[in-house]
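Chains as they are written, first to last, in the working numbering: chain P, 1371 to 1866; chain F, 1371 to 1866.
Where a beta carbon is used, it is the ideal one built from N, C-alpha and C, also for glycine.
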């Protein structure tokens, strides 16, 4: 057996362990009784430690070295697989054991305190623990950076979005920052001129919302034999290979959050379900990174399903399901409700136009925090100044401000930009798909996602991690990641 | 760190892996989409292989040797824990790797073929694969027997019920065999004299059955913060430490199967929930074996919950829940329905009086099969002769005969006797509990299981694997395992 084949066996084992953790994590969020929390943490930690041991075992490193010497004899997919194995190995071995432990502990402690601090809108209560997290994450960034030849922030970013670099993001985000304030003012004027949107009044029974959600999952192409929908407080897409679990939460006063949430998570799920089958247990089959993953949720939620043609298809469905009629339930009014723009404090509730402002704020701050140009004590002031500057809002308290997101408190620095990078990629991919498949938009208007899914399967899903994000986008759309198409999309939809 | 403490860490890891498998197994039976089957098998196999590697690692053996040399300095529970570790290690290391693999493969292949063969009532279709299973299980019995100093059948039995031996079972089962035919004839005469039982006519809506089941789970003491009920085709008690998952299936034409099934699985669950907390991640905290486990399900299902006092408590509950009244719904008629005796072909549908006959048949056959005194080709004839002799029935086909149970086809030899040994132990424990807690029966009649559960917690659950089955029973009841109390119980309930 060659070194490469032995590595495949080793990584198949890691894949199975990752899948097991995925199901246990899903269960924890959807099903598990509360009293099992401690034991579940123990189970997940054991699987994580075993995976880490397998990945960082001296033998893994030796096999990688040997396989790389013979890489010229491998076929393209094997070479890409070997590259991804090396990447996983480099990230895992970059950190000494005590830093891995410190990272896990600091994140858990701060995240726990954050839940209470957010409820109390008391930033000072969590600040000391967040400072500990920041110290550890800076050290992680430095250790990984030294191993990978990257700056600390780039090293953290690379953990979420392989190959993505601050130097690539900065000019794209600068373009956005230059355009957004003016665009937002224009959109708000335009909305004011169009008059108010009629309210879609509830209640909307949960079981009907569920039925519509499941129907739409089928419409977009979710394979129910290899996945399922469930309920959780915080919606997510998780589970395992060939077993993709998506969740949503229901609000009987508002059906559109759950409905668009289901479409968003279905986009993630379709990416997972479309991974290259020949490589399913190998790193090269995995989604390319968080930018591409977010592009797949947003291409469904934002690009396809907030389009006029799709909402024209959706309107009679929801009218019939909820037994409603009248002007508020006309497609054009639903479209206006679904694309209503209004600056607000909370990122996850933000519309498509103001969402990037939330990311620009966080990205600017987290790069400064990791670089040592900002400290935890500076966060509330910088946050509130940024919200004033970007969206014209005065943040009334930390719950609606710098305490709203879990990310930093759990130790995630370098994740935030992928939300907006994903939105850009979604716009690029959707424009390319429409150009390549002229009937795509009309099909979507009839609830037929076959042309769209076929294009995504060919150009995105089936690629796994064969290419870098920029290579993938260049092959699929003719250009690397860029904000041009995204900005054009916003102008067309909101000022068109 | 001493060798013993290092072993505790090692076995805590095994416990977490076992828990992870428990949740994945539960998910497979209750929740998983069908298309995930292959990957789930991969996940479970990976966890099993990793556990086996940890348990059989040379270092584990070395640590055991070192710890045993210093065992005199350990406290009682630690000594028992070390003994259980050694036992697990001995079972795991007894088999060479190729036999482990052959066992797993033969069992899986035969089990798969069995599903179709049973549906077709075609024993010949599965016989060649069952022969392969038998060859492998004989080899397993011999290998384990050589390592443990036991006969092949005892070595297999010991895997399910530590310390149980054929020489202990034979005389107890001989007593049963001597008594049962006469007892059965008497019971049938007695029933005939009492006249027919009035039918409890359905339909019984599933949601009402569920609500009653959950209420009764609470009544018997199931801790819903550390476990949950669900639905599966084959009811079981599984899950993980502090997360005990029981399942049932519902038949709208008959509510008593699900109801008694819930009480049966709750008995298993209460044993798991009552494991000694100081040792939760260690082998010594585990249930003593299948005989004791079955005793805990049967002490609830059969001893407590088919008693007249409990049914008097239950009758108004079900009348109200299903909106029924009339003579069929009087407590005495429900009692007669719940204790109706009738020889039948299917073990899992059997009543308390005829159930042991099904076990005597299987036990006699499987001991002969493992000893080489019977071959697969002899199974249908021996089965049908046995059913005629024991229950006076002519088996019409193999689906209602030797193809009904999964056990042998999946490679389980040595499991069957624990069902009836458990029934004996349940009778002994219940009699001792009633004697020790004079108010116990009256409390049960009021839906108060506190005295019974308190007694079981003290005398059974909290013991984990500290004692052998006989030691545990002797301490709890004054006598080792025996059929005397069980036979007396049958006479009292069915001829009383």
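- With contacts defined by Cβ atoms closer than 8 Å, residue 1814 (chain F) and residue 1679 (chain F) form a contacting pair.
- Taking 9 Å as the Cβ-Cβ cut-off, the region 1586 to 1605 of chain F approaches chain P at 1593, 1594, 1595, 1596, 1597, 1598, 1600, given in chain order.
- Bounds of the beta strand (DSSP E) holding residue 1607 (chain P) are 1607 to 1610.
- A Cβ of chain F is located within less than 8 Å of the beta carbon of residue 1404 (chain P).
- Under the Cβ distance rule, residue 1416 (chain F) counts among the residues neighbouring chain P, one pair being separated by less than 8 Å.
- Residue pairing of residue 1654 (chain P) in beta bridges, as defined by DSSP: absent, with no partner found.
- Proximity to residue 1858 (chain P) across P:1553, P:1776, P:1436 peaks at P:1553, based on C-alpha coordinates.
- Under the DSSP assignment, residue 1614 (chain F) falls in the beta strand (DSSP E) whose first and last residues are 1613 to 1618.
- For the pair of segments examined, the region 1727 to 1745 of chain F was found not to touch the region 1703 to 1711 of chain F: the number of CB pairs separated by less than 8 Å stays below three.
- Think of a sphere of 9 Å around the beta carbon of residue 1412 (chain P): the chain F residues whose beta carbon falls inside it are 1382, 1385, 1386, 1389, 1611, 1651, in chain order.
- In the structure shown, the three-state DSSP call for residue 1597 (chain P) is strand.
- Note that the C-beta distance between residue 1420 (chain P) and residue 1387 (chain P) is below 8 Å.
- In this structure, DSSP gives residue 1468 (chain P) a helical state, which the three-state scheme calls helix.
- Between the beta-carbon of residue 1659 (chain P) and that of residue 1530 (chain P) there is about 7 Å, and that keeps the pair under the 8 Å contact cut.
- Residue 1409 (chain F) has a beta carbon lying within less than 8 Å of a beta carbon in chain P.
- Spanning the alpha carbons of residue 1538 (chain P) and residue 1861 (chain P) requires a straight line of approximately 23 Å.
- CA-to-CA, the gap between residue 1732 (chain P) and residue 1423 (chain P) works out to about 34 Å.
- Within chain P, the residues 1394, 1397 have their CB atoms less than 7 Å from the CB of residue 1393 (chain F), given in chain order.
- Cβ atoms of residue 1587 (chain P) and residue 1599 (chain P) come within 8 Å of each other, at about 6 Å.
- Under DSSP, residue 1775 (chain P) takes part in no beta bridge, so it has no partner.
- Within chain P, the residues placing a beta-carbon under 7 Å from that of residue 1420 (chain F) are 1420, ordered along the chain.
- Here residue 1865 (chain F) is exposed, its C-beta having fewer than 16 other C-beta atoms within 10 Å.
- Setting aside the 5 residues that flank it on each side, residue 1579 (chain P) is surrounded in the same chain by 1620, 1625, 1628, each with a C-beta closer than 6 Å to its C-beta; the list follows chain order.
- Counting only runs of at least 4 residues, the region 1742 to 1814 of chain F fully encloses the following alpha helix (DSSP H) elements, listed from N- to C-terminal order: 1749 to 1761, 1777 to 1780, 1787 to 1806.
- Among the bridge pairs identified by DSSP, residue 1624 (chain F) is matched with F:1621.
- The DSSP assignment places complete alpha helix (DSSP H) segments of no fewer than 4 residues inside the region 1434 to 1502 of chain P at 1446 to 1463, 1467 to 1490, in order along the chain.
- In this structure, the alpha-carbon of residue 1698 (chain F) lies about 38 Å from that of residue 1777 (chain F).
- Around residue 1501 (chain P), the same chain offers 1746 as residues with beta carbons nearer than 7 Å, after the five sequence neighbours per side are excluded.
- Pairing residue 1603 (chain F) with residue 1760 (chain P), the inter-Cα distance amounts to about 57 Å.
- Rounded to whole angstroms, the Cβ separation of residue 1790 (chain P) and residue 1726 (chain P) is 5 Å, and the two are in contact under 8 Å.
- When secondary structure is reduced to three states using DSSP, residue 1569 (chain P) falls in the coil class, being assigned neither helix nor strand.
- Residue 1465 (chain P) sits away from residue 1480 (chain P), with the two beta carbons spaced by 8 Å or more.
- The straight-line gap separating the alpha-carbon atoms of residue 1451 (chain P) and residue 1849 (chain P) is approximately 24 Å.
- With fewer than 16 other beta carbons inside 10 angstroms of its own, residue 1372 (chain P) counts as exposed.
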